[in-house]
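The sequence shown maps to residues 636 to 1246 in my numbering. Backbone N, C-alpha and C define an ideal beta-carbon position, used for all residues, glycine too. A quick note: this is a predicted structure, and the numbers were derived from the prediction, not measured. Encoded as structure tokens, the structure appears first; notes follow it.
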Amino acid sequence: MSVVETENTKILERTRQETARKLDIDLSEPKQEGRIKALFALYKRYTNQMSICGSIYCEIIDQCNRLIDIYGQKQRKLNEIKEMKDNTFLLRTRLKSINYQFGEVIKDLEEKIEFNKELLIAYENKYVNNHSITSKHRTKLKELEDVCWKNWLRAIEVNSELRNTIIGFENRKALLALSKAYVDYCIFVDLHMKDCFELVKDLKKDGIIEYYEILRRYDLPDKKKLNFQLFLQKKIESRLSDAMELKTLFGSYLDLNYGQLDSAVSDLRDQFLRDKKEILAVVNYYKRFLLQKQVLFTEEAEKLVLYLKKRYLEKIDFLCSRFQMYNAEVLATNKEISEEDLAFLKKVFTEEFDKHLNKLKIEYSKKFLPLLDNFFHAEELVGSAYALDPDKLEEKMKELKHLKNLNLDVLVQKFEAEKKKIETLLDKNMDLISDVNKLNVDQFNEVLSRLRKDCELICCEILNLNNRYWVKANAEFNCEARRIFIKLRHKYSPWIKSWRKNSKPWMHEYLMLNMNHEVLKAVGEILEGYSPEADLYKKASKALLQYSEISRKIHKERDDMEAKQLLMLNKIPTPELDELLSESNRKLDELRRHYENYWSDYNRFYNSLIS
636 MSVVETENTK
646 ILERTRQETA
656 RKLDIDLSEP
666 KQEGRIKALF
676 ALYKRYTNQM
686 SICGSIYCEI
696 IDQCNRLIDI
706 YGQKQRKLNE
716 IKEMKDNTFL
726 LRTRLKSINY
736 QFGEVIKDLE
746 EKIEFNKELL
756 IAYENKYVNN
766 HSITSKHRTK
776 LKELEDVCWK
786 NWLRAIEVNS
796 ELRNTIIGFE
806 NRKALLALSK
816 AYVDYCIFVD
826 LHMKDCFELV
836 KDLKKDGIIE
846 YYEILRRYDL
856 PDKKKLNFQL
866 FLQKKIESRL
876 SDAMELKTLF
886 GSYLDLNYGQ
896 LDSAVSDLRD
906 QFLRDKKEIL
916 AVVNYYKRFL
926 LQKQVLFTEE
936 AEKLVLYLKK
946 RYLEKIDFLC
956 SRFQMYNAEV
966 LATNKEISEE
976 DLAFLKKVFT
986 EEFDKHLNKL
996 KIEYSKKFLP
1006 LLDNFFHAEE
1016 LVGSAYALDP
1026 DKLEEKMKEL
1036 KHLKNLNLDV
1046 LVQKFEAEKK
1056 KIETLLDKNM
1066 DLISDVNKLN
1076 VDQFNEVLSR
1086 LRKDCELICC
1096 EILNLNNRYW
1106 VKANAEFNCE
1116 ARRIFIKLRH
1126 KYSPWIKSWR
1136 KNSKPWMHEY
1146 LMLNMNHEVL
1156 KAVGEILEGY
1166 SPEADLYKKA
1176 SKALLQYSEI
1186 SRKIHKERDD
1196 MEAKQLLMLN
1206 KIPTPELDEL
1216 LSESNRKLDE
1226 LRRHYENYWS
1236 DYNRFYNSLI
1246 S
């Protein structure tokens, strides 16, 4: 762009701002892009995690990203160690510290990834090979079902906010484009009106000169001179007065056409209301049918729950009566465990406790030794680094000792907690076998409590499944019904309703602008030779036609955008499982490459230190 064009653009923009200020028009740009982007990200997140498979895929992707980041950090630390000039022992110590630093986190994340892979297989086989699913998998799947339901509700809510925000943003953009086009039209007309007024002034001056020039040529008596002056004045002014009469005539013609247009628009509005009423009758018929089915199935679900509770409680009461009879027999026969059997059971439990305790000690020894070894090497590193500065060495050693004590305390606490669990289990078993009657009663009551709890859970799950099914069914029906009304409204919207306050429907305004264009054009053609305004009317007519076509294009695009967003608002969100699957596989492959590259580089460098 040349300097002249740049300067002209600045002048135009400055003139546009001044004109907009005079007309009280806001030309500020809409600023909602950031909010729309954030809502899109939130909507995608909830949509991806509204199904169980999608949630598992997302967890795998997140865990892979964390591991990739950790391996990236390890690789950077490895590269730093490669650049060091320390002795071999120190370099090997630093290498070991890298693996120890991230060891627990990597192990935890890898276990979670493997568990999620197993969970996917369990979920896909839950109706085929149900007995192979572990209780841990069942618990996790139940949690995911509740989370997915909440994400489904949130996705619908966020989608509504997102689409309404986009519509508001696009409305503001359309209004800005219309305002700019209108301001440009006003600037154009004002500019040519000034030129026209100058011509009219010149014409009046020429008329006055002509008037006195003619009077100077004639020498008439005073009585005839007065009549001649009036005749001459009217003759010179007749050009402008004839033009005024023509404009008044076309104004009346325009008012008549406006009335006919209003009548046609009113007929279209009535037709829209009739079509809407017919569609509404059909929608209400099927809505009543759906509600009847919902009431029927809900009643059946409640009956099923009552039946299950009744039959389940009957079975529990039957078990109670049989158990009481059994206890009565035991008390009648005075059956007890012999001292020899009791001693044997205590011995078995004690041996089992010792076995678990030894296993726990071995497990935590494997954690203690590397930790102590690592801190030993760290102390050597600090000693060699600060050998010449005793004060700094003492300070660093204190920090290292404090850190070592903290880590050791954490491991000791974990060990004591695990040991406490084993001891509690042993004490409980020893208490139970010492009193057979108490053992039987407590265990039986525990079983009954679990049975009652399971019954309540099953009944609640049945009611929840029924409720969720009908919430989704009603949402799908309402969305489809609204999509029909959106398409109907989109068809009639240019004629029946404006999206701008205090204005007519845009097609109504567009036709009025076209009428004004035709009238201005006709006035300009007829005024040719009568008034210098003819050129102004012709130019204003062309500018008005351009403005009307620009406004038509803007309104049409805005209506299409609104219909599209409203249709998407009334679309039930569905996760892109194929996309998530491919993304999770891609992340797993990327993680494998980072893993192989790191360990290949690590082993190569470590072997070079040994050799």
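The DSSP-derived three-state label of residue 665 is coil. Annotation for residue 1141: the continuous alpha helix (DSSP H) segment containing it runs 1141-1161. If you draw a straight line from the Cα of residue 1215 to the Cα of residue 1190, it comes to about 38 Å. Annotated three-state conformation of residue 805 is helix, per DSSP.
Residue range 687-718 is occupied by the alpha helix (DSSP H) that includes residue 695.
Apart from the 5 residues on each side of it in sequence, residue 1181 has no Cβ closer than 6 Å to any other Cβ in its chain.
CA-to-CA, the gap between residue 930 and residue 918 works out to about 18 Å.
Taken through DSSP and simplified to helix, strand or coil, residue 657 comes out as helix. When the five nearest sequence neighbours on each side are left out, the beta carbons in the same chain lying within less than 6 Å of the beta carbon of residue 1226 are those of 699, 702, 703, in order along the chain. For residue 769, the secondary structure class from DSSP, reduced to helix, strand or coil, is coil.
Counting C-beta atoms within 10 angstroms of its own C-beta, residue 1030 has fewer than 16 neighbours from the protein chains shown and is therefore classed as exposed. Between the alpha carbons of residue 1219 and residue 733 lies a gap of roughly 27 Å. One thing to note: residue 681 has its Cβ no nearer than 9 Å to the Cβ of residue 807. For the pair residue 905 and residue 1123, the CB atoms are not nearer than the 9 Å cut-off. Annotation for residue 1132: no alpha helix (DSSP H) segment contains it, and DSSP assigns it neither H nor E.
The segment 1086-1098 and the segment 1141-1156 do not touch, with fewer than three beta-carbon pairs separated by less than 8 Å. Residue 1058 carries a helical assignment under DSSP once its states are collapsed to helix, strand and coil. When secondary structure is reduced to three states using DSSP, residue 684 falls in the coil class, being assigned neither helix nor strand. The distance from the Cβ of residue 705 to that of residue 740 is about 6 Å, consistent with a contact at the 8 Å cut-off. DSSP, reduced to helix, strand and coil, places residue 1138 outside both helices and strands of the structure shown, so it counts as coil. Cα atoms of residue 651 and residue 679: separation of roughly 41 Å, rounded to the nearest angstrom. Contact check between the segment 1142-1149 and the segment 1193-1205: fewer than three CB pairs, one atom from each, fall below 8 Å, which does not count as touching.
Assignment of residue 1208 by DSSP, reduced to helix, strand and coil, places it in the coil class.
Residue burial annotation: residue 714 is exposed, with fewer than 16 other C-beta atoms found within 10 angstroms of its C-beta. Residue 1025 sits in a helix when the DSSP states are folded into three classes. With respect to the 9 Å criterion, residue 1108 and residue 939 are not classified as neighbours on the basis of their beta carbons. Counting only runs that start and end inside the segment 891-970, there is no alpha helix (DSSP H) element of at least 4 residues.
In this structure, the straight-line span from the alpha carbon of residue 711 to that of residue 1041 is close to 27 Å. The Cβ-Cβ distance between residue 907 and residue 1131 falls below 9 Å. By the CB criterion at 9 Å, residue 811 and residue 647 fall outside the cutoff. Secondary structure note for residue 751: its alpha helix (DSSP H) is the uninterrupted segment 723-759.
Rounded to whole angstroms, the gap between the alpha carbons of residue 903 and residue 1128 is 10 Å. At a Cβ-Cβ threshold of 9 Å, residue 1143 and residue 1198 do not count as neighbours. Within the same chain, Cβ atoms closer than 7 Å to the Cβ of residue 786 are found at 681, 684, 685, the five residues on either side in sequence being excluded. In chain order, 791, 1207 place their CB closer than 8 Å to the CB of residue 1110, counting only its own chain and leaving out the 5 sequence neighbours on each side. With respect to the C-alpha of residue 1056, the residue from 758, 995, 753 having the closest C-alpha is 995.
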